[in-house]
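Undergrad:
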Amino acid sequence: MTARIAPTSVLKFAAVLFAAVVAPAFAATPLVTAPQGGVARWDGLKAKDCGIYGKRYGAIAGSCYYPVDIRARPGRYQIALWDQDGRQHLGALVVEDAHFPEVEMQLPEKLARYLDVSAEDRARAAEESAAVRKVLSGTLGAPRFTLPLHKPAASLPRSEDDFGSLRTFNGKHKSLHSGRDYPVGDGNNVSAVADGRVVLAADHFFTGNAVYVDHGGGLVSMNFHLKSISVKAGDEVKRGQTLGKVGATGRATGPHLHMGLRWLGKRIDPALLLEAPAKLPSVSDSHDEAEQKIRDAEQKEPDEVDSTSDEEG
Numbered sequence: 214m215t216a217r218i219a220p221t222s223v224l225k226f227a228a229v230l231f232a233a234v235v236a237p238a239f240a241a242t243p244l245v246t247a248p249q250g251g252v253a254r255w256d257g258l259k260a261k262d263c264g265i266y267g268k269r270y271g272a273i274a275g276s277c278y279y280p281v282d283i284r285a286r287p288g289r290y291q292i293a294l295w296d297q298d299g300r301q302h303l304g305a306l307v308v309e310d311a312h313f314p315e316v317e318m319q320l321p322e323k324l325a326r327y328l329d330v331s332a333e334d335r336a337r338a339a340e341e342s343a344a345v346r347k348v349l350s351g352t353l354g355a356p357r358f359t360l361p362l363h364k365p366a367a368s369l370p371r372s373e374d375d376f377g378s379l380r381t382f383n384g385k386h387k388s389l390h391s392g393r394d395y396p397v398g399d400g401n402n403v404s405a406v407a408d409g410r411v412v413l414a415a416d417h418f419f420t421g422n423a424v425y426v427d428h429g430g431g432l433v434s435m436n437f438h439l440k441s442i443s444v445k446a447g448d449e450v451k452r453g454q455t456l457g458k459v460g461a462t463g464r465a466t467g468p469h470l471h472m473g474l475r476w477l478g479k480r481i482d483p484a485l486l487l488e489a490p491a492k493l494p495s496v497s498d499s500h501d502e503a504e505q506k507i508r509d510a511e512q513k514e515p516d517e518v519d520s521t522s523d524e525e526g
């Protein structure tokens, strides 16, 4: 639920924050700008807790982070930071519109079942999607991760700028790619990006062998198309622990490492959390510094698309 920001003289803040969009800017309000699919931060105040979207969650090493969904409505959102003494600080996050590429892809004949999906496979995919939705919001307990995250493979080649791409398969089937694909070779180990608990590990129709790990603090990582899975739901894993091996199961044209992240349920570019946090737009940045960081990190993200398209895989 969202609520518009009213003039500061009549604001009455409750314990639970509500997101606020499209409001006039106030010069005295700490401000940060981030693109759709990005992450903003607020440091320098020795944060204990952070708040956005009506949620309060733990800070990471004294800094607050605010994830922005790939389809977040551009505009102004209220953010909060609670310092070590319990004082609340309020600010604003301005989400900028972004544009992702549209990509035409041809699936080989062996993957025809993913274009002309049978009633049986459609029912299977729907059941699997329902199970996935239950774990994507993550738990808001103490964060079990630090930034940057551990790389999911020992050697991680540069990814194509495929985060957020709207893919059209064989001219008729659309899919929003809300993760990143890395050209890691067949059979290589896929590692946990942080400590956490495996919340789902299964063979799914579109994503093949898939592993979802809850890292606390609302962060969930996921890896798809694995050749094999080395863990099961309920397992506790450590940063760098092997989750499975790179493969090409599900709707995949060849072996690769697919990594995705959800933070507070928001679909964000996973590459952002594999780099130094200082590269993220910050409340402490000047406007020009924030704009430059956005330009450096932006991955050509798309406007909102037809909700009938599936995701991932």
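Counted the way the numbering used here counts, the sequence shown spans residues 214 to 526. Glycine included, every Cβ here is placed at the ideal spot set by N, Cα and C.
Taking contact to mean at least 3 C-beta pairs separated by less than 8 Å, is the stretch 462 to 473 in contact with the stretch 437 to 444?
TA: Yes: at least three Cβ pairs fall under 8 Å.
Undergrad: Given a threshold of 16 other Cβ atoms within 10 Å of its Cβ, counted over all protein chains shown, does S368 qualify as buried or as exposed?
TA: On the sequence shown, residue 368 is found 155 positions in, with the first residue counted as 1. When all chains shown are included, S368 counts as exposed.
Undergrad: Cα separation between T242 and L303?
TA: Taking the first residue of the sequence shown as position 1, residue 242 is located at position 29. Taking the first residue of the sequence shown as position 1, residue 303 is located at position 90. Distance between the alpha carbons of T242 and L303: 7 Å.
Undergrad: Classify E315: buried if its beta carbon has 16 or more other beta carbons within 10 angstroms, exposed otherwise.
TA: Here the question's residue 315 lines up with position 102 in the sequence shown. Counting Cβ neighbours within 10 Å, E315 comes out exposed, since fewer than 16 surround it.
Undergrad: For V345, does the three-state DSSP call read helix, strand or coil?
TA: For the purposes of this step, residue 345 is taken as residue 132 along the sequence shown, with counting starting at 1. DSSP places V345 in helix when its eight states are reduced to three.
Undergrad: Determine the burial state of P237: buried for a count of at least 16 other Cβ atoms within 10 Å of its Cβ, exposed for fewer.
TA: On the sequence shown, position 24 is the one that residue 237 refers to. At P237 the pLDDT is 41, less than 50, meaning the model places this residue with poor confidence and gives no usable figure here.
Undergrad: Is it buried or exposed, Q249, if we count other Cβ atoms within 10 angstroms and call 16 or more buried?
TA: Here residue 249 refers to the residue found at position 36 when the sequence shown is read from its first residue. Answer is buried; the Cβ neighbour count reaches 16.
Undergrad: Rank T359, H386 and D375 by C-alpha distance to the C-alpha of A405 and give the top, closest one.
TA: For this step, residue 405 is matched to residue 192 along the sequence shown. With distances taken between Cα atoms, A405 lies closest to T359.
Undergrad: What would DSSP say about E373, mapped onto helix, strand or coil?
TA: For the purposes of this step, residue 373 is identified with residue 160 of the sequence shown, where counting begins at 1. Coil.
Undergrad: Kindly confirm or deny that the stretch 279 to 288 and the stretch 254 to 265 touch, where touching means at least three C-beta pairs closer than 8 Å.
TA: Counting Cβ pairs under 8 Å, three or more are found: they touch.
Undergrad: Given this structure, state the Cα-to-Cα distance separating H312 from V252, to the nearest angstrom.
TA: Stepping through the sequence shown from its first residue, residue 312 is reached at position 99. Stepping through the sequence shown from its first residue, residue 252 is reached at position 39. Roughly 16 Å between the two C-alpha positions.
Undergrad: Since I believe V403 is in contact with V426 (beta carbons under 8 Å), could you give me their beta-carbon distance rounded to a whole number of angstroms?
TA: Within the sequence shown, numbered from 1, the residue matching residue 426 stands at position 213. Within the sequence shown, numbered from 1, the residue matching residue 403 stands at position 190. In fact, because the Cβ distance is near 11 Å, the residues do not count as touching under 8 Å.
Undergrad: Can you give the Cα-Cα distance for V234 and I292, rounded to whole angstroms?
TA: Here residue 234 corresponds to residue number 21 of the sequence shown, with the count starting at 1. Here residue 292 corresponds to residue number 79 of the sequence shown, with the count starting at 1. Interpretation of V234 is limited by its pLDDT of 39, a score under 50 that renders its predicted location unreliable; the figure taken from the coordinates is listed afterwards. Cα to Cα, the separation comes out at about 11 Å.
Undergrad: For F239, name the three-state secondary structure that DSSP assigns.
TA: Working through the sequence shown from its first residue, we reach residue 239 at position 26. Any answer about F239 is weak, because its pLDDT of 40 lies below 50 and its placement is not dependable; what the coordinates show is given next. Residue state, collapsed to three classes: coil.
Undergrad: Pick from L477, V496 and A484: whose alpha carbon is nearest that of G271?
TA: Within the sequence shown, numbered from 1, the residue matching residue 271 stands at position 58. Among L477, V496 and A484, the Cα nearest to that of G271 is on L477.
Undergrad: Using a Cβ-Cβ cut-off of 7 Å (strictly less than) and excluding sequence neighbours within five positions of V444, which residues of its own chain qualify?
TA: Mapped onto the sequence shown, residue 444 falls at position 231. Around V444: V411, A414, V424, V450 and L456.
Undergrad: What is the DSSP secondary structure of D180, counted as helix, strand or coil?
TA: In the structure displayed, the chain extends from 214 to 526; residue 180 sits before or after that span and is not available.
Undergrad: Below 8 Å CB to CB, which residues in the same chain sit around E309 once its five sequence neighbours on both sides are set aside?
TA: Along the sequence shown, read from residue 1 onward, the residue named residue 309 stands at position 96. So the qualifying residues of the chain are T246, A247, P248, Q249, P287 and I507.
Undergrad: DSSP on E488, reduced to helix/strand/coil?
TA: In the sequence shown, the residue the question calls residue 488 occupies position 275. E488 falls in the coil class under three-state DSSP.
Undergrad: So, helix, strand or coil for P287, using DSSP?
TA: Residue mapping note: residue 287 aligns to position 74 of the sequence shown, counting from 1. P287 falls in the coil class under three-state DSSP.
Undergrad: So, using beta-carbon positions, are R452 and A489 closer together than 8 Å?
TA: What you label residue 452 is simply residue 239 of the sequence shown in a count that begins at 1. What you label residue 489 is simply residue 276 of the sequence shown in a count that begins at 1. No, these two residues do not count as a Cβ contact at 8 Å.
Undergrad: For R337 and F419, what's the separation of their Cα atoms in angstroms?
TA: Along the sequence shown, read from residue 1 onward, the residue named residue 337 stands at position 124. Along the sequence shown, read from residue 1 onward, the residue named residue 419 stands at position 206. Using only the alpha carbons, I get a separation of about 10 Å.
Undergrad: With DSSP as the reference, label D282 as helix, strand or coil.
TA: Counted from its first residue, the sequence shown places residue 282 at position 69. In this structure, D282 counts as coil in the three-state DSSP scheme.
Undergrad: Considering only residues of the stretch 289 to 347, which uninterrupted beta strand (DSSP E) runs meet the minimum length of 3 residues and lie entirely inside it, listed in chain order?
TA: Segments of the beta strand (DSSP E) lying fully in the stretch 289 to 347: 301 to 309 and 315 to 318.
Undergrad: Give me the Cβ distance between G429 and T352, rounded to the nearest whole Å; I'm assuming they're in contact under 8 Å.
TA: Taking the first residue of the sequence shown as 1, we reach residue 429 at position 216. Taking the first residue of the sequence shown as 1, we reach residue 352 at position 139. That pair is a contact at about 6 Å.
Undergrad: Could you tell me if G299 is buried or exposed, where buried requires 16 or more neighbouring beta carbons within 10 angstroms of its beta carbon?
TA: On the sequence shown, residue 299 is found 86 positions in, with the first residue counted as 1. G299 should be labelled exposed.
Undergrad: Is K479 buried or exposed, if buried means 16 or more other CB atoms sit within 10 Å of its CB?
TA: The sequence position of residue 479 within the sequence shown is 266, counting from 1. So K479 counts as buried.
Undergrad: What does the alpha-carbon distance come out to for the pair L244 and N401?
TA: As a first step, residue 244 is located in the sequence shown; it is residue number 31 there, counting from the start. As a first step, residue 401 is located in the sequence shown; it is residue number 188 there, counting from the start. If I take the Cα positions, the gap works out to 42 Å.
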